[in-house]
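Here is the structure we will look at.
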Amino acid sequence: MNSKKRYLNIALIAIVFLLLFVANNSLGSYRVRILNLCAIYTVLGLSLNLINGFTGLFSLGHAGFIAIGAYTTALLTMTEKVKIQNFFMEPLIAPFNNLSVPFIVALIIAGLLSALIAVLIGAPALRLKGDYLAIVTLGFGEIIRIVITNLQSLTNGALGLRGIPHNTNLYWSFGIAIVTIIILLSLINSSYGRALKAIREDEIAAESMGISLFKHKVIGFAIGAFFAGVGGGLLGNLMGTIDPNMFKFSLTFNILLIIVIGGMGSVTGTVISAFVVTILGEVLRFLDMEKQFDFGIFSFTGIPGLRMVIFSIILMIIVLFFRHGIMGTKEFSWKSIFKYVNKKPLEEGGKK
Amino acid sequence: MALLKVENATMQFGGLTAVKDFNLEINQGEIVSLIGPNGAGKTTAFNMITNVYTPTNGKIIFNDTNITGMRQDIITKTGIARTFQNIRLFKDLSVLDNVLIANHVHIKSNFMEAMFKLPRYRQEEKEMVKKSLDLLEELGLEDLKNEKASSLPYGKQRKLEIARALATNPKLLLLDEPAAGMNPTETDELTAFVKEIKEKFKLSIFMIEHHMNMVMTLSDRIQVFEYGITIAEGTPSDIQNDKKVIDAYLGVSEDD
Chain Z
3 MNSKKRYLNI ALIAIVFLLL FVANNSLGSY RVRILNLCAI YTVLGLSLNL
53 INGFTGLFSL GHAGFIAIGA YTTALLTMTE KVKIQNFFME PLIAPFNNLS
103 VPFIVALIIA GLLSALIAVL IGAPALRLKG DYLAIVTLGF GEIIRIVITN
153 LQSLTNGALG LRGIPHNTNL YWSFGIAIVT IIILLSLINS SYGRALKAIR
203 EDEIAAESMG ISLFKHKVIG FAIGAFFAGV GGGLLGNLMG TIDPNMFKFS
253 LTFNILLIIV IGGMGSVTGT VISAFVVTIL GEVLRFLDME KQFDFGIFSF
303 TGIPGLRMVI FSIILMIIVL FFRHGIMGTK EFSWKSIFKY VNKKPLEEGG
353 KK
Chain E
14 MALLKVENAT MQFGGLTAVK DFNLEINQGE IVSLIGPNGA GKTTAFNMIT
64 NVYTPTNGKI IFNDTNITGM RQDIITKTGI ARTFQNIRLF KDLSVLDNVL
114 IANHVHIKSN FMEAMFKLPR YRQEEKEMVK KSLDLLEELG LEDLKNEKAS
164 SLPYGKQRKL EIARALATNP KLLLLDEPAA GMNPTETDEL TAFVKEIKEK
214 FKLSIFMIEH HMNMVMTLSD RIQVFEYGIT IAEGTPSDIQ NDKKVIDAYL
264 GVSEDD
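Read top to bottom, the protein sequences are chains Z and E.
The opening residue of the first sequence carries number 3 in our numbering; numbering runs sequentially from there.
The opening residue of the second sequence carries number 14 in our numbering; numbering runs sequentially from there.
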């Protein structure tokens with residue numbers, strides 16, 4: 003069963019890459035970009051879900067970690083010439099001014115830096131719980147953005163960075179999304195993952211079972227921040243330009259939307275909902291355009307921002323009727339597929 | 014030498030003294046019970062031992078180590094496990110996961126090894142799963158291993174909570190009203206169960222309980238609390254005939 007599952011997983015990944023190859027050659031650049039965004043939002047959604055859904059820490063500072071990742075990757079991949087063009091107000095400080103590393107190395111450094119900042123923020127903040135933690139992380143997220151706005155000689159301040167190499171393509175974004183899924187699943191199903199879930203379920207019981215709350219919360223928070231940084235790096239190198247305004251609270255909100263719709267504590271749910279929310283966001287873009295819609299019975303004019311109204315309504319419906327999101331805490335597994343196909347009760351009968 | 018020794022532990026919440034000069038000695042292999050009317054401070058005494066509350070005064074010595082004010086998870090690591098008055102299972106997780114989580118306290122691999130499934134972690138995980146399954150089998154919960162903890166009937170949830178505490182390899186087990194909400198038959202079953210695990214796992218047990226049958230059958234010694242003060246101590250038969258205890262439970266008639 004186990005080796006069979008492994009082959010199926012490998013086959014699935016192969017099929018994904020085959021489809022990517024087809025998509026890369028047949029779809030226009032607009033659609034390829036949306037697919038890229040889907041994969042990047044998967045990474046970002048998973049990273050926030052590890053913190054919010056699996057460890058039960060209500061963190062709202064995710065945009066800050068994404069910003070750190072995006073800026074670090076951008077600074078490490080831009081060519082020297084582009085950097086000089088960008089930093090015309092104040093020159094870029096050493097060693098970044100003539101440092102250029104391969105994309106993957108830049109992403110890893112971005113992730114590590116994000117994780118480091120998360121540990122520094124987490125040390126005081128993770129002593130708080132619930133709403134208080136939410137407010138403090140929200141504050142730290144904003145602080146990161148404001149620091150970036152003011153570090154003229156490192157981040158080019160409010161002008162942002164332009165001409166970032168377009169390193170992100172479908173293979174990178176989906177490759178990293180798949181690696182993220184594999185690593186997170188492996189973590190979640192390990193003893194440490196179980197400890198994180200125990201903290202989510204009942205902190206008092208978890209502590210009395212010998213789980214060091216602080217250490218495990220920091221681990222969860224830092225790993226989440228690591229992948230947020232990597233996701234941010236992919237995002238920056240997809241967009242080509244970044245500025246501090248991209249990393250406002252609304253970015254955190256978008257990712258929160260994804261994990262709430264997908265299900266707090268479900269990797270599968272996050273993946274599905276990252277695709278659904280990203281694609282829906284583009285499909286519904288027509289609502290923002292100022293033109294007349296005629297549905298026969300009623301007609302209305304599109305207003306900029308109407309798209310978000312629809313999203314809010316969807317969110318309300320989800321919260322009211324599907325409290326636990328699309329998947330709850332359930333996961334996709336081959337076992338359940340076989341069970342469904344064979345319609346025979348399996349001996350082990352697990353729902354997973 | 015006593016396994017657990019509590020010396021003059023006092024807990025004050027502002028002006029309220031919940032427990033005053035609490036002294037206790039538990040030897041290897043003993044079952045000691047703490048009884049007393051509601052609000053006497055029994056759970057507070059428990060919480061001082063596991064450092065949910067750090068005692069305002071006094072010392073707690075376990076296995077020759079002073080554990081006063083130590084972090085709860087470290088106390089668990091040194092060998093004290095507890096259950097809760099109102100069951101605190103990891104409700105959404107499976108029975109097996111609940112027990113596996115308790116094994117986490119002794120893990121040697123770090124999270125990187127676990128995340129990338131390196132050999133040492135794989136070996137440890139295999140051992141943990143085997144140990145947990147063995148434990149569940151010994152306690153008669155193996156059929157339920159994939160059930161959600163919250164879907165278990167009440168009696169089994171109590172049992173699982175004890176199983177989870179046992180999975181941390183304790184030397185001393187603290188049971189906070191294990192028979193709360195149970196009918197007489199269930200209480201008798203639990204009494205037998207506690208006796209059984211005490212022998213099997215070579216435990217010392219410190220227990221808070223209101224079911225007198227259970228207390229009298231199991232205990233080697235009993236300590237009685239009223240308003241945070243120890244009013245009596247001794248063997249079950251001593252306690253049954255102690256005038257102060259009878260007064261505390263039944264009240265004092267005005268003629269006396």
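Where a beta carbon is used, it is the ideal one built from N, C-alpha and C, also for glycine.
Of all the CB atoms in chain E, is at least one closer than 7 Å to the CB of R147 of chain Z?
Against the first sequence, residue 147 of chain Z aligns to sequence position 145. No, R147 of chain Z does not count as interfacial toward chain E.
Can you look up G352 of chain Z in the DSSP assignment and give me helix, strand or coil?
Residue 352 of chain Z sits at position 350 when you count from the first residue of the first sequence. Annotation note: pLDDT 41 at G352 of chain Z (below 50); position unreliable, coordinate value reported separately. Three-state result, G352 of chain Z: coil.
Measure the C-alpha to C-alpha separation of G143 of chain Z and G238 of chain Z and round it to an integer number of angstroms.
If you number the first sequence from 1, residue 143 of chain Z lands on position 141. If you number the first sequence from 1, residue 238 of chain Z lands on position 236. The alpha-carbon atoms of G143 of chain Z and G238 of chain Z are separated by roughly 18 Å.
Report the neighbours of E333 of chain Z on chain E: residues whose CB is nearer than 7 Å to its CB, in chain order.
Indexing the first sequence from 1 puts residue 333 of chain Z at position 331. Within chain E, no residue comes near E333 of chain Z; the closest Cβ sits about 13 Å away, beyond 7 Å.
Could you run through the segment 114-142 of chain Z and flag, in chain order, every residue whose CB is less than 8 Å away from some CB of chain E?
So nothing in the stretch comes that close.
With the cut-off set at 7 Å, would you say S217 of chain E and Q85 of chain E are in Cβ contact?
Taking the second sequence and counting its residues from 1, one reaches residue 217 of chain E at position 204. Taking the second sequence and counting its residues from 1, one reaches residue 85 of chain E at position 72. Against a cut-off of 7 Å, the Cβ pair of Q85 of chain E and S217 of chain E comes out as no contact.
Going by DSSP in three states, L189 of chain Z sits in which element: helix, strand or coil?
Counted from its first residue, the first sequence places residue 189 of chain Z at position 187. Residue state, collapsed to three classes: helix.
Quick one: what's R33 of chain Z bridged to in DSSP?
Taking the first sequence and counting its residues from 1, one reaches residue 33 of chain Z at position 31. According to DSSP, R33 of chain Z bridges with nothing at all.
How would you label M291 of chain Z, buried or exposed, when you count the other beta carbons within 10 angstroms and need 16 or more for buried?
The residue you call residue 291 of chain Z lines up with position 289 of the first sequence. Exposed is the call here.
Take G352 of chain Z and list the residues in its own chain whose beta-carbon comes closer than 6 Å to its own, dropping the five residues that flank it on each side.
Working through the first sequence from its first residue, we reach residue 352 of chain Z at position 350. Note that G352 of chain Z scores 41 on pLDDT, short of 50, meaning its location in the model is unreliable; the coordinates nonetheless yield the value given after this. Nothing meets the Cβ criterion.
Opposite S46 of chain E in the DSSP bridges: which residues?
Taking the second sequence and counting its residues from 1, one reaches residue 46 of chain E at position 33. Answer is E:M220, E:I235.
If the cut is a Cβ gap below 8 Å, which residues of chain Z does F214 of chain E touch?
Position 201 of the second sequence, counted from the start, is the residue given in the question as residue 214 of chain E. Neighbours of F214 of chain E on chain Z: none; closest Cβ ~16 Å, over 8 Å.
Which residues in the same chain have their Cβ closer than 8 Å to the Cβ of A207 of chain Z, if we skip the five residues on either side of it in sequence?
On the first sequence, residue 207 of chain Z is found 205 positions in, with the first residue counted as 1. These residues qualify, in order along the chain: A200.
What is the DSSP secondary structure of V121 of chain Z, counted as helix, strand or coil?
Along the first sequence, one-based indexing puts residue 121 of chain Z at 119. DSSP places V121 of chain Z in helix when its eight states are reduced to three.
Name the DSSP beta bridge partners of A94 of chain E, please?
Taking the second sequence and counting its residues from 1, one reaches residue 94 of chain E at position 81. E:L186.
Please work out which residues of its chain come closer than 6 Å, Cβ to Cβ, to A227 of chain Z, disregarding the five sequence neighbours upstream and downstream, and give them in chain order.
Along the first sequence, one-based indexing puts residue 227 of chain Z at 225. Closer than 6 Å at Cβ, skipping near neighbours: F67, S116, A117, A120.
Would Y43 of chain Z be called buried (16 or more neighbouring beta carbons within 10 Å of its own) or exposed?
By 1-based counting over the first sequence, the position of residue 43 of chain Z is 41. It is buried - the Cβ of Y43 of chain Z has at least 16 other Cβ atoms within 10 Å.
For A178 of chain E, report the span of its beta strand (DSSP E) as first-last.
On the second sequence, position 165 is the one that residue 178 of chain E refers to. From DSSP, A178 of chain E is part of no beta strand (DSSP E) but of the alpha helix (DSSP H) over 167-179.
Three-state secondary structure (DSSP) at I198 of chain E?
The count along the second sequence starts at 1 and reaches residue 198 of chain E at position 185. Looking at the sequence itself, residue 198 of chain E is Thr, so the reference to Ile does not match. Three-state result, T198 of chain E: helix.
Taking only the alpha-carbon atoms, compute the straight-line gap between S214 of chain Z and H117 of chain E and give it to the nearest angstrom.
As a first step, residue 214 of chain Z must be located in the first sequence, where it is residue number 212. As a first step, residue 117 of chain E must be located in the second sequence, where it is residue number 104. Answer to the nearest angstrom: the Cα atoms are 10 Å apart.
Check the C-beta distance from L179 of chain E over to I221 of chain E and give it rounded, since I have them as a contact under 8 Å.
Here residue 179 of chain E corresponds to residue number 166 of the second sequence, with the count starting at 1. Here residue 221 of chain E corresponds to residue number 208 of the second sequence, with the count starting at 1. Contact doesn't hold; Cβ gap of about 18 Å is too wide.
With a cut-off of 7 Å, does the C-beta of I221 of chain Z fall near any C-beta of chain E?
The residue you call residue 221 of chain Z lines up with position 219 of the first sequence. It does; some Cβ of chain E falls within 7 Å.
Once you ignore the five residues that flank F103 of chain E on each side, which residues in its own chain have a CB closer than 8 Å to its CB?
Taking the second sequence and counting its residues from 1, one reaches residue 103 of chain E at position 90. These residues qualify, in order along the chain: D110, N111, I114, A162.
For Q25 of chain E, report the span of its beta strand (DSSP E) as first-last.
Locating residue 25 of chain E in the second sequence gives position 12, where the first residue counts as 1. 17-26 is the span of the beta strand (DSSP E), which, as asked, contains Q25 of chain E.
Looking at the strands, I want to know which residues DSSP matches up with D251 of chain E.
As a first step, residue 251 of chain E is located in the second sequence; it is residue number 238 there, counting from the start. BP columns for D251 of chain E are empty, so no partner.
Following the continuous alpha helix (DSSP H) through L149 of chain E, name the residue where it begins and the one where it ends.
Within the second sequence, numbered from 1, the residue matching residue 149 of chain E stands at position 136. Unbroken alpha helix (DSSP H) run through L149 of chain E: 132-151.
From what residue to what residue does the beta strand (DSSP E) around E38 of chain E run?
Walking along the second sequence from the start, residue 38 of chain E turns up at place 25. Bounds of the beta strand (DSSP E) holding E38 of chain E are 29-39.
Between which two residues does the alpha helix (DSSP H) holding F251 of chain Z run?
Locating residue 251 of chain Z in the first sequence gives position 249, where the first residue counts as 1. Counting along the chain, the alpha helix (DSSP H) containing F251 of chain Z begins and ends at 251-264.
Suppose contacts are defined by Cβ-Cβ distances below 7 Å. Is G298 of chain Z in contact with G71 of chain Z by that definition?
The residue labelled residue 298 of chain Z in the question sits at position 296 within the first sequence. The residue labelled residue 71 of chain Z in the question sits at position 69 within the first sequence. For G298 of chain Z and G71 of chain Z, no; Cβs fall outside 7 Å.
Using 7 Å as the threshold, is the C-beta distance between T81 of chain E and I73 of chain E below it?
Stepping through the second sequence from its first residue, residue 81 of chain E is reached at position 68. Stepping through the second sequence from its first residue, residue 73 of chain E is reached at position 60. Contact flag set, yes.
Which residues in the same chain as M24 of chain E place their Cβ atom closer than 7 Å to its Cβ, once the five residues preceding and following it in sequence are excluded?
In the second sequence, residue 24 of chain E corresponds to position 11, counting from 1. The beta carbon of M24 of chain E lies closer than 7 Å to those of A31, V32, T57, M61, Y66, P68, T69 in the same chain, with the five residues before and after it left out.
Hey, could you find the ends of the alpha helix (DSSP H) D110 of chain E is sitting in?
What you label residue 110 of chain E is simply residue 97 of the second sequence in a count that begins at 1. It spans 108-116 - the alpha helix (DSSP H) in which D110 of chain E sits, taken as one unbroken run.
Mark Q136 of chain E as exposed unless 16 or more other C-beta atoms lie within 10 angstroms of its C-beta, in which case mark it buried.
The count along the second sequence starts at 1 and reaches residue 136 of chain E at position 123. So Q136 of chain E counts as exposed.
Since E43 of chain E and D255 of chain E are thought to touch, with beta carbons under 8 Å apart, how far apart are those beta carbons, to the nearest angstrom?
Residue numbering aside, residue 43 of chain E sits at position 30 when the second sequence is read from its first letter. Residue numbering aside, residue 255 of chain E sits at position 242 when the second sequence is read from its first letter. About 20 Å; that fails the 8 Å criterion.
For N79 of chain E, which three-state DSSP category applies?
Working through the second sequence from its first residue, we reach residue 79 of chain E at position 66. Three-state result, N79 of chain E: strand.
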